[in-house]
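Residue numbers (the numbering used here): 31 to 475.
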């Protein structure tokens, strides 16, 4: 005879919280609701239940009414909503599970905000964890995926990950609570159902205790994954610069590959395909190169480091230079101008004293086709050639602020001035200009 577990749930980590319980009516979520209701006074909890009718099964409306009655028995406020998930999936082209999950979590989070709840309590248990780990493994996941589900993940709270499904049903039976059965869970027509119905039973026949072992492995993997994540966050704090173009990772070749991959995931999102992530990380060892990460992001290796470029970003429109005053180029920089003695500045590339008459009618902008500059002591050249000579990384060229009059560049902020704007014996008025970048990124290093 199978031994019945008599242990009690531990909700001390949520003591004093307001919890929104995702209640489907199945045994798992009913057990969670009953457990939390029993711990309500002991742990000083404020509890609310939320039920989503996905309109997939004919009996779904009856499930909602059953959950309402359960919450009345538990003296728990009940909230419900009905979504036509099949219609939404047909409209968007998503699968039923994907559309249902998107609608469900969107509503749960909106309701959580309305109620002022601290977290959404989910009834995922140890068997769910084993299924999740195996699904991620079959997809070729990295360390984050092998770690499975965390007890706390953002606004999600999963206190039952150490409980077997059988323990939850035993718990309900001892307390005289029933639950609703979803017939679709008995059909192996999805990867998770196939694992639950076919793979895990066979695995436990071959390796008794396989599910708890997989759960232990997930907990161990999470400890190590969290350690790498913390190290990646520290590395990013020291080496990540955010600019209008996207991001810059300085000296990526000095980072351990595991740390760099985790840093890229933190910046680019966890839905980046593994092969794209590896291709981006490989640029750290290259002198130059570009790789597409996703539809909106491009990775490019430059002299200063590894750039993650936002393809949707566009430089702002030109702004007339205020003399005197402050001129802002949104998202790029601002330039402060004030009268000054005609004494050139030689030790600060972001501050210059220029001929005020030469700046009349100038604008603050980024580069345009056909721009030209005549640097001090040099002949005239295309701005593109000037950037090449100065070894300015390509991603920064479209975002480097310029003072220009027509196609003539008077000051490449942070890099150099034109002969025509320089202080000379003929200068009648001088103006001091100070460039302040919106981010720490500068066109030189």
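We put the CB at the ideal spot given by N, CA and C, even for glycine.
Beta carbon of residue i nearer than 8 Å to that of residue j
| i | j | result |
| --- | --- | --- |
| residue 302 | residue 465 | no |
| residue 115 | residue 129 | yes |
| residue 311 | residue 289 | no |
| residue 456 | residue 440 | no |
| residue 337 | residue 277 | yes |
| residue 462 | residue 393 | no |
| residue 125 | residue 119 | yes |
| residue 148 | residue 280 | no |
| residue 395 | residue 432 | yes |
| residue 407 | residue 435 | no |
| residue 108 | residue 79 | yes |
| residue 255 | residue 174 | yes |
| residue 220 | residue 127 | yes |
| residue 397 | residue 413 | yes |
| residue 445 | residue 427 | no |
| residue 442 | residue 403 | yes |
| residue 222 | residue 165 | yes |
| residue 157 | residue 98 | no |
| residue 81 | residue 92 | no |
| residue 282 | residue 335 | yes |
| residue 106 | residue 69 | no |
| residue 198 | residue 58 | yes |
| residue 210 | residue 137 | no |
Best match in the options for proximity to residue i [C-alpha to C-alpha]
| i | options | result |
| --- | --- | --- |
| residue 206 | 333, 60 and 360 | 60 |
| residue 77 | 46, 212 and 168 | 46 |
| residue 323 | 335, 334, 332 and 304 | 304 |
| residue 50 | 299, 38 and 67 | 67 |
| residue 347 | 429, 243, 217 and 209 | 429 |
| residue 285 | 298, 222, 268 and 157 | 268 |
| residue 271 | 468, 65 and 167 | 468 |
| residue 17 | 321, 201, 191 and 387 | Only positions 31 to 475 of the chain appear in the structure, and residue 17 is not among them; the question remains open. |
| residue 74 | 44, 199, 245 and 63 | 44 |
| residue 72 | 100, 96 and 38 | 38 |
| residue 179 | 121, 168 and 249 | 249 |
| residue 300 | 399, 172 and 371 | 172 |
| residue 458 | 387, 409 and 425 | 387 |
| residue 208 | 309, 215 and 200 | 200 |
| residue 101 | 140, 313, 65 and 123 | 65 |
Beta-carbon separation (whole angstroms), residue i vs residue j, contact threshold 8 Å
| i | j | result |
| --- | --- | --- |
| residue 437 | residue 415 | No, residue 437 and residue 415 are not in contact; Cβ-Cβ is about 14 Å, not under 8 Å. |
| residue 345 | residue 369 | The pair is not a contact, with the Cβ atoms about 30 Å apart (cut-off 8 Å). |
| residue 291 | residue 307 | 6 Å |
| residue 448 | residue 405 | 7 Å |
| residue 252 | residue 203 | Contact doesn't hold; Cβ gap of about 32 Å is too wide. |
| residue 339 | residue 296 | That pair is no contact at about 17 Å. |
| residue 41 | residue 218 | Rounded, the Cβ-Cβ distance is 34 Å, inconsistent with contact. |
| residue 352 | residue 367 | 6 Å |
| residue 453 | residue 378 | Residue 453 to residue 378, Cβ: 15 Å. No contact. |
Contact with chain B by residue i, beta-carbon distance below 8 Å
| i | result |
| --- | --- |
| residue 39 | Absent here is chain B; the protein component of the structure consists of one chain. |
Residue i CB to nearest heavy atom of the ligand FMN below 7 Å
| i | result |
| --- | --- |
| residue 364 | Looking for the ligand FMN in the displayed structure turns up nothing, as the structure carries no ligands at all. |
**Q.** Unbroken stretches of the beta strand (DSSP E), 3 residues or longer, contained in the segment 38-108
**A.** 48-52 and 76-83
Q) Enumerated in chain order, which unbroken segments of the alpha helix (DSSP H) with a length of 4 residues or greater are wholly contained in the segment 114-175? A) Fully enclosed alpha helix (DSSP H) runs of 4 or longer: 115-122, 126-145 and 156-168.
**Q.** Three-pair Cβ contact test at 8 Å for the segment 75-85 versus the segment 185-196
**A.** no
Q: Taking 8 Å as the threshold, find out whether the segment 42-58 comes into contact with the segment 152-172 through three or more Cβ pairs.
A: The segment 42-58 and the segment 152-172 touch, with no fewer than 3 CB-CB distances between them shorter than 8 Å.
Q) Using 8 Å as the Cβ pair cut-off and three pairs as the minimum, do the segment 347-365 and the segment 314-333 touch? A) Segments in contact, no.
Q | the segment 221-234 / the segment 250-264 touching (three or more Cβ pairs under 8 Å) | A | no
(Q) With three or more C-beta pairs closer than 8 Å as the rule, is the segment 161-172 touching the segment 220-228? (A) Contact holds between the segment 220-228 and the segment 161-172, because three or more Cβ pairs, one in each stretch, are under 8 Å apart.
Q) Is there contact here, the segment 239-253 with the segment 323-332, by at least three beta-carbon pairs under 8 Å? A) no
Q. Taking the runs of the alpha helix (DSSP H) that are 4 residues or longer, which of them lie wholly in the segment 213-280?
A. 221-224, 230-236 and 240-269
Q.
At 3 residues or longer, what runs of the beta strand (DSSP E) sit wholly inside the segment 349-385?
A. 355-359, 363-369 and 381-385
**Q.** Whole runs of the alpha helix (DSSP H) within the segment 400-459, excluding any shorter than 4 residues
**A.** 413-419 and 424-427
Q) Enumerated in chain order, which unbroken segments of the alpha helix (DSSP H) with a length of 4 residues or greater are wholly contained in the segment 179-207? A) Taken in chain order, the complete alpha helix (DSSP H) segments of 4 or more residues contained in the segment 179-207 are 195-205.
Q) Which ranges does the alpha helix (DSSP H) cover as unbroken runs of at least 4 residues, wholly within the segment 301-334, from first to last along the chain? A) 304-312
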